[in-house]
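Undergrad: Numbering (numbering that gives the first Met the number 0), first residue to last: 0 to 197.
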Amino acid sequence: MEEKIKKFEEPPEMVPEPSPTITPEMVRTVFRMLEAKGMVQYFEGGIYIPTEKGWKLLMSTKTYKEEVIAFGHPKITASDNLSIKIAKDEEVDESTIGVKANKACIDFSKEFRNALKSNKIINITLEVEDVSDSITAYCSPILEASSNNKITVRKDDNVDSSTIGIMSDKSARELKKDLIEKLKNPKTKIRVVLEIRS
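Okay, here's the thing in structure tokens:
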């Protein structure tokens, strides 16, 4: 009987306290921290979290470079305020700054096209005779760069198969006027250097 009483008098086992509830604000805070460190990126289709292969691209210090040669055209106006375009064919619109290009997106190396999907910056240098200009834009995981005719850089974040950079610091309209004037001559050659580096 005594043994039974002793057992009864023993304090009951401690009930574990409930773990803290995860709130939407906590999730948002974590994602903001990850975004600040480049560990997560947002785009129109959702959220991009790099895989092991993606991390290798993001952390790479290698420089990826492509060079494109194109020519001027009498119809070039470079009046577009959102984009800059180079084409293999001779079709000209307000964003076109070069035609008869020797390359389109699909002609870039696999390594360069993969680098376009990183969070790096792409630097674009335009050289026309003794005049040069430069553009800076952002790479993104959503860039396909699969066009077989065009190369496009945009000031906004709209993309298509020809886009190689978004949120650029210049549009066709903002390029040097003397450079554009030279490109109205079909014999004028434009050298375009594309570089992606850490």
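For each residue, glycine too, the CB sits at the ideal point set by N, CA and C.
(1) Does the Cβ of arginine 27 have 16 or more other Cβ atoms within 10 Å, making it buried, or fewer, making it exposed?
(2) In whole angstroms, what is the alpha-carbon distance linking proline 35 and proline 73?
(3) On a CA-only basis, which of Glu110, Phe111, Ser133 and Thr62 is nearest leucine 174? Give me that one, please.
(4) When the distance is taken between beta carbons, is threonine 95 closer than 8 angstroms to lysine 87?
(5) What residue range does the alpha helix (DSSP H) around valine 29 cover?
(6) For the beta strand (DSSP E) containing alanine 136, list its first residue and its last residue.
(7) Pull up the distance between the alpha-carbon of phenylalanine 107 and that of arginine 190, whole angstroms please.
(8) If you measure from the beta carbon of lysine 181 to each beta carbon in chain D, is any gap under 8 angstroms?
(9) If I follow the unbroken beta strand (DSSP E) through asparagine 113, where does it start and stop?
(10) Would you kindly work out how many angstroms separate the C-alpha atoms of aspartate 159 and isoleucine 141, rounded to a whole number?
(11) Can you give me the start and stop residues for the beta strand (DSSP E) that glutamate 89 sits inside?
(12) Leaving aside the five residues before and after threonine 187 along the sequence, list all residues of the same chain whose C-beta is less than 8 angstroms from its C-beta, in chain order.
(13) So who's on the other strand from asparagine 101, going by DSSP bridges?
(14) Label lysine 176 either buried or exposed according to how many other C-beta atoms from any shown protein chain fall within 10 Å of its C-beta, with 16 as the threshold for buried.
(15) Can you list, in chain order, the residues of its chain with a C-beta nearer than 6 angstroms to that of lysine 154? Leave out the 5 residues immediately preceding and following it.
(16) Going by beta-carbon coordinates alone, are valine 67 and alanine 100 separated by less than 8 angstroms?
(17) By DSSP, does glutamate 51 sit in helix, in strand, or in coil?
(18) Give the DSSP-derived three-state secondary structure of lysine 64 in the structure shown.
TA: The relevant details are as follows:
(1) Exposed is the call here.
(2) Going by the sequence as given, residue 35 is alanine instead of proline. Separation of alanine 35 and proline 73 (C-alpha to C-alpha, rounded to the nearest whole angstrom) is 46 angstroms.
(3) That would be Ser133, whose Cα lies nearest to the Cα of leucine 174.
(4) Not closer than 8 angstroms, so no.
(5) Element bounds for valine 29: 23-35.
(6) Counting along the chain, the beta strand (DSSP E) containing alanine 136 begins and ends at 130-137.
(7) Their backbone Cα atoms lie some 15 angstroms apart in a straight line.
(8) Of the protein chains in this structure there is only one, and it is not chain D.
(9) Careful: asparagine 113 lies outside any beta strand (DSSP E), inside the alpha helix (DSSP H) at 109-114.
(10) When the Cα atoms are used, aspartate 159 and isoleucine 141 turn out to be separated by approximately 9 angstroms.
(11) DSSP places glutamate 89 in no beta strand (DSSP E); its state is neither H nor E.
(12) The residues are Phe70, Gly71, Val127, Glu128 and Lys181.
(13) DSSP, once it has assigned bridges, lists no residue as partnering asparagine 101.
(14) Counting of Cβ neighbours within 10 angstroms places lysine 176 among the exposed residues, the total staying below 16.
(15) Answer for lysine 154: Leu81, Ser167 and Ser170, listed in chain order.
(16) Between valine 67 and alanine 100, the gap from beta carbon to beta carbon is short of 8 angstroms.
(17) Here glutamate 51 carries a helix assignment [DSSP, helix/strand/coil].
(18) Here lysine 64 sits in strand by DSSP.
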